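Asker: Everything in the sequence shown is counted per the working numbering, starting at 17 for the first residue and increasing by one.
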Amino acid sequence: MVDRLRSSRSRSVHLWPIVMLRVYAGVFFANAGIAKIGRDFSESMSRFLSANLDESFSFYRPFIESVVLPNRGVFAALVSWGELAIGIGLVLGLATRYAAFAGAFMVANFWFAKGAGFLAGANHDVVWMFVLLALGFIPAGRIAGLDDGLADRMRFLR
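Structure follows, in structure tokens:
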């Protein structure tokens, strides 16, 4: 393991911005998830979705009305624990591709519920979606992450 770190150190020094972006995104998601766990997030989520229902994308509105709002407790738990799991995966570099793609899917759902335009100045969801997609398509977990050591034994982490 030490030999692998020594040999890969020189080739991965120039990749430190990817590590910083991965860890920052992970801390951001974990913090958001922790803030929602242990409090009644389902009520605030329900109020937010109901208030933004008119602005949400028209193709997404029926899903909010018929699936999410009637099952707000389940979706609140999925969002809060999902954000925490995505954050931990990104910080540790463990199952990074899965965490990044799950995060991009989650952020896309946030964006659809808010209904903000693609180029709207206040739409940070699109930026997060592109960051997470980039982290998913490049081997971000193989750079100073647990995926590097585990990928040889667990093919699904490659």
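The C-beta atom is built at its ideal place from N, Cα and C for all residues, glycine as well.
Since the model is a prediction, treat every value here as computed from it, not as a measurement.
Select from MET122, ASP164 and HIS30 the residue whose C-alpha is nearest the C-alpha of LEU149.
Answerer: Comparing alpha carbon positions, the residue from MET122, ASP164 and HIS30 closest to LEU149 is MET122.
Asker: Could you check if TRP97 is buried or exposed, using at least 16 other CB atoms within 10 Å of its CB as the buried criterion?
Answerer: exposed
Asker: Classify ASP141: buried if its beta carbon has 16 or more other beta carbons within 10 angstroms, exposed otherwise.
Answerer: buried
Asker: Quick one: measure Cβ to Cβ for SER62 and LEU94, integer angstroms, because I've assumed they're closer than 8 angstroms.
Answerer: Contact flag wrong, Cβ pair sits at about 14 angstroms.
Asker: Can you give me the Cβ contacts of LYS130 inside the same chain, cut-off strictly under 8 angstroms, excluding the 5 residues immediately before and after it?
Answerer: Only residues of its own chain outside the window of five on either side were considered, and among them ASN68, GLU71, SER72, ASN139 and ASP141 have a CB closer than 8 angstroms to the CB of LYS130, listed in chain order.
Asker: Would you give the residue range spanned by the alpha helix (DSSP H) that SER66 belongs to?
Answerer: 57–67
Asker: If the criterion is Cβ atoms closer than 9 angstroms, does the pair GLY103 and PHE44 meet it?
Answerer: yes
Asker: Can you tell me whether PRO155 is buried or exposed? The criterion is at least 16 other CB atoms within 10 Å of its CB, across all chains shown.
Answerer: buried
Asker: Excluding five sequence neighbours on each side, which residues of the same chain lie with their C-beta closer than 7 angstroms to the C-beta of LEU65?
Answerer: ILE80, VAL84, LEU85 and ALA129
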